[in-house]
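Numbering (the UniProt record's numbering), first residue to last: 1 to 142.
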């Protein structure tokens, strides 16, 4: 499992989205219900941005804004870094580290087909390493 495509096949490719004009309170409610740390922001079928718990903490709470009165568009990260299903998992980890992001929308053509989190990437790497260790131990003992 070295490509994002394989990671999505195992974890699922549900895309949780919200409109830019929706109130931030609704975004936070959806994140809590779905147990995710970010939502993609969609304008129709087009990716407009991504909104995360971090955006909420920094741009609403710390600035004393109202969650019910602030639109998602006012706090989202526009033009988010995206990856394709063919992107290597290790390249994704490098991107997350270098760009200091925790969520990567997966785009195939112009369509959002999934979202990968840093947690998904760490799990994939740990699983791959465990499998490799197991294979090496079997080789050594046989």
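Ideal placement from N, C-alpha and C gives every residue a C-beta, glycine not left out.
Cβ-Cβ distance between residue 5 and residue 86 below 8 Å: Yes, the pair counts as a contact, with Cβ atoms nearer than the cut-off.
Nearest-angstrom Cα separation, counted from residue 75 out to residue 63: Annotation: residue 63 to residue 75 spans about 11 Å, alpha carbon to alpha carbon.
Per-residue DSSP class, three states only, for residue 22: Residue state, collapsed to three classes: coil.
Whole-number beta carbon distance between residue 114 and residue 15, since they are thought to touch under 8 Å: Correct: roughly 6 Å between the Cβ atoms.
Status (buried if at least 16 other CB within 10 Å, exposed otherwise) for residue 50: By the 10 Å Cβ count, residue 50 comes out buried.
Beta-carbon proximity of residue 68 to residue 25, cut-off 8 Å: In this structure, residue 68 places its C-beta atom within 8 Å of the C-beta atom of residue 25.
Proximity of residue 47 and residue 18 at Cβ, strictly below 8 Å: Contact annotation: residue 47 and residue 18 have beta-carbon atoms that are not nearer than 8 Å.
Neighbour-count burial assignment, residue 126, 16 or more Cβ in a 10 Å radius: So residue 126 ends up on the exposed side.
Residue 101 and residue 116 closer than 8 Å at C-beta: Contact annotation: residue 101 and residue 116 have beta-carbon atoms that are not nearer than 8 Å.
Those residues which DSSP pairs with residue 106 across a bridge: For residue 106, the pairing in a beta bridge is given by DSSP as 83 and 114.
Rounded distance between the beta-carbons of residue 103 and residue 52, thought under 8 Å: Cβ-Cβ separation between residue 52 and residue 103: approximately 6 Å, consistent with a contact (criterion under 8 Å).
Test item: CB-CB of residue 73 and residue 33 under 8 Å: Result no, Cβ atoms of residue 73 and residue 33 do not sit closer than 8 Å.
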